[in-house]
Amino acid sequence: DVSHPEALAHVAKVVRTVVTEWGYKYLKCDFLHCAAVRGGVRYDPSVGRAECLARLMKVIRASAGDDTFILGCSAPLGPCVGVVDAMRISADVATNWLPRVVDLKTPLINLLNVANRLVSSDETNLPSSRNMVRNTVVRLAFHKRLWLNDPDCLILRENDETNLAQVHALLSVAALSGGTLIFSDPPEDLTAERVALLRTLLPPLPHAATPLDLLQSRIPERLALPLKLPEDAVIEGCDVPAQTWLIVALFNWTAQVRDVKLVLSPELISRIEIEGKHCSFHKLDFWSKKYTRLEGPLAKLTAASLAPRCCELLLLRRVTPGVAQFVGSDVHISGGLELSSWREMNLAETQLGRDVGRDLVAD
Numbered sequence: 006d007v008s009h010p011e012a013l014a015h016v017a018k019v020v021r022t023v024v025t026e027w028g029y030k031y032l033k034c035d036f037l038h039c040a041a042v043r044g045g046v047r048y049d050p051s052v053g054r055a056e057c058l059a060r061l062m063k064v065i066r067a068s069a070g071d072d073t074f075i076l077g078c079s080a081p082l083g084p085c086v087g088v089v090d091a092m093r094i095s096a097d098v099a100t101n102w103l104p105r106v107v108d109l110k111t112p113l114i115n116l117l118n119v120a121n122r123l124v125s126s127d128e129t130n131l132p133s134s135r136n137m138v139r140n141t142v143v144r145l146a147f148h149k150r151l152w153l154n155d156p157d158c159l160i161l162r163e164n165d166e167t168n169l170a171q172v173h174a175l176l177s178v179a180a181l182s183g184g185t186l187i188f189s190d191p192p193e194d195l196t197a198e199r200v201a202l203l204r205t206l207l208p209p210l211p212h213a214a215t216p217l218d219l220l221q222s223r224i225p226e227r228l229a230l231p232l233k234l235p236e237d238a239v240i241e242g243c244d245v246p247a248q249t250w251l252i253v254a255l256f257n258w259t260a261q262v263r264d265v266k267l268v269l270s271p272e273l274i275s276r277i278e279i280e281g282k283h284c285s286f287h288k289l290d291f292w293s294k295k296y297t298r299l300e301g302p303l304a305k306l307t308a309a310s311l312a313p314r315c316c317e318l319l320l321l322r323r324v325t326p327g328v329a330q331f332v333g334s335d336v337h338i339s340g341g342l343e344l345s346s347w348r349e350m351n352l353a354e355t356q357l358g359r360d361v362g363r364d365l366v367a368d
């Protein structure tokens with residue numbers, strides 16, 4: 006009951022002990038909603054639920070100090086603004102797509118089926134991949150405005166409920182949040198292929214993507230992120246406009262195979278197109294490594310026959326005739342921010358340098 010002064014004093018003492026005596030500079034504060042629980046009997050009944058949580062967060066920050074990184078979890082968002090460094094913006098992720106009750110053995114199987122039908126309708130709170138995806142995508146705009154987004158743990162391990170292509174989709178959502186990337190699978194239990202997936206996500210992207218169908222889809226399926234090469238990249242033999250590109254992610258969050266289409270806005274196209282000129286475009290799917298050359302004008306993209314809960318993560322660049330071009334790689338999910346140098350010797354020979362340990366830049 007954080008409406009009680011002694012309760013707040015106890016919280017302050019615990020946080021000071023953890024930070025100053027034990028030396029921890031990263032605090033994950035979970036189950037924060039308990040401070041604002043509905044229907045609670047409080048020491049001071051005049052203090053509302055939101056105010057209770059706001060008081061708690063202010064005491065945690067004051068006791069931890071400004072140089073301690075605080076991650077807020079399981080909390081109403083408003084009272085945490087301006088206090089936390091990072092914020093869990095989603096429900097807990099899980100290998101199952103829909104929320105469900107813990108598996109039970111017969112003869113309770115019928116009861117379990119009824120319970121699963123009831124909880125599967127939850128779209129916000131209960132652990133599941135769907136709830137992680139839905140909450141993360143609709144809150145992308147909070148990243149680096151209110152805090153660093155935290156989309157919960159990456160699912161890298163092999164399991165019976167999520168195939169590799171569906172893992173790619175979940176990783177794409179986490180990566181395009183631009184936020185913290187955390188995994189909890191024991192590294193020794195991961196195959197080399199799954200560890201390689203983790204490497205492609207690090208370091209995190211410098212900005213969050215934008216959902217293009219935020220108000221049209223219950224779970225947004227079309228994301229875009231314009232990127233450009235860092236200013237310190239050494240690029241020779243390539244014109245400056247071609248050093249910018251688009252990441253476009255097309256998802257199918259339904260249970261049926263279907264086409265997912267996107268009509269590109271003039272504003273997005275202008276990031277990689279020269280106004281008034283006929284342009285062609287390189288299109289590379291990061292996950293499948295499938296390359297297609299598109300003849301302009303670029304107006305619409307289609308992910309044809311996209312499998313359930315899968316995605317295409319497309320890298321789009323304008324074609325520059327007469328020069329060798331970097332189209333993309335499988336080194337980093339940005340498809341280009343790993344590039345530190347590019348020197349064209351002739352049309353048959355180029356020199357490429359890469360660096361994924363430096364700061365990344367986005368436009």
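Throughout, the numbering used here is defined as the position within the sequence shown, counted from one, plus 5.
Backbone N, C-alpha and C fix where the C-beta goes; we use that ideal spot for every residue, glycine too.
Model, not experiment: these values are computed from the prediction.
Span separating the alpha-carbon of residue i from that of residue j
| i | j | result |
| --- | --- | --- |
| Ser164 | Thr185 | The question names Ser, but residue 164 in the sequence shown is Asn. Roughly 23 Å separates the two Cα atoms. |
| Val142 | Leu210 | 15 Å |
| Leu321 | Leu303 | 10 Å |
| Glu317 | Glu272 | 21 Å |
| His9 | Ser79 | 22 Å |
| Ile277 | Leu217 | 17 Å |
| Ile160 | Trp258 | 17 Å |
| Leu232 | Glu343 | 12 Å |
| Arg263 | Ile224 | 15 Å |
| Val24 | Ile65 | 11 Å |
| Arg139 | Leu230 | 18 Å |
| Thr129 | Leu82 | 13 Å |
| Gly87 | His38 | 17 Å |
| Ala180 | Lys305 | 24 Å |
| Gly58 | Lys149 | According to the sequence as given, residue 58 is Leu; it is not Gly. Taking the straight line from one Cα to the other gives about 22 Å. |
| Ala14 | Ala55 | 19 Å |
DSSP three-state assignment for residue i, whether helix, strand or coil
| i | result |
| --- | --- |
| Leu346 | Per the sequence shown, residue 346 should be read as Ser rather than Leu. Of the three classes helix, strand and coil, the one that applies to Ser346 here is strand, per DSSP. |
| Phe147 | helix |
| Leu13 | helix |
| Leu109 | Per-residue confidence for Leu109 stands at a pLDDT of 48, beneath the threshold of 50, marking its modelled position as unreliable; the derived number appears in the next sentence. Of the three classes helix, strand and coil, the one that applies to Leu109 here is coil, per DSSP. |
| Cys57 | helix |
| Ser339 | coil |
| Val328 | coil |
| Thr215 | strand |
For residue i, the residue or residues it bridges with in DSSP
| i | result |
| --- | --- |
| Gly87 | Beta-bridge pairing links Gly87 to no other residue. |
| Asn154 | Met92 |
| His287 | Arg298 and Arg322 |
| Ile75 | Leu32 |
| Thr307 | Lys266 |
| Cys39 | DSSP, once it has assigned bridges, lists no residue as partnering Cys39. |
Using 8 Å as the cut-off, can you tell me whether the segment 312-331 makes contact with the segment 195-210, which would need three or more C-beta pairs spanning the two stretches below that distance?
Fewer than three Cβ pairs drawn from the segment 312-331 and the segment 195-210 lie within less than 8 Å of each other, which leaves the two stretches out of contact.
Inside the segment 217-265 only - beta strand (DSSP E) runs reaching at least 3 residues
227-233, 239-241 and 249-257
Cβ contact (3+ pairs, closer than 8 Å) linking the segment 163-178 and the segment 130-145
yes
Fully enclosed by the segment 155-184, which alpha helix (DSSP H) runs are 4 residues long or longer?
169-181
Can you confirm whether the segment 41-54 touches the segment 89-102 when touching is taken to mean that 3 or more C-beta pairs between the two stretches lie within less than 8 Å?
no
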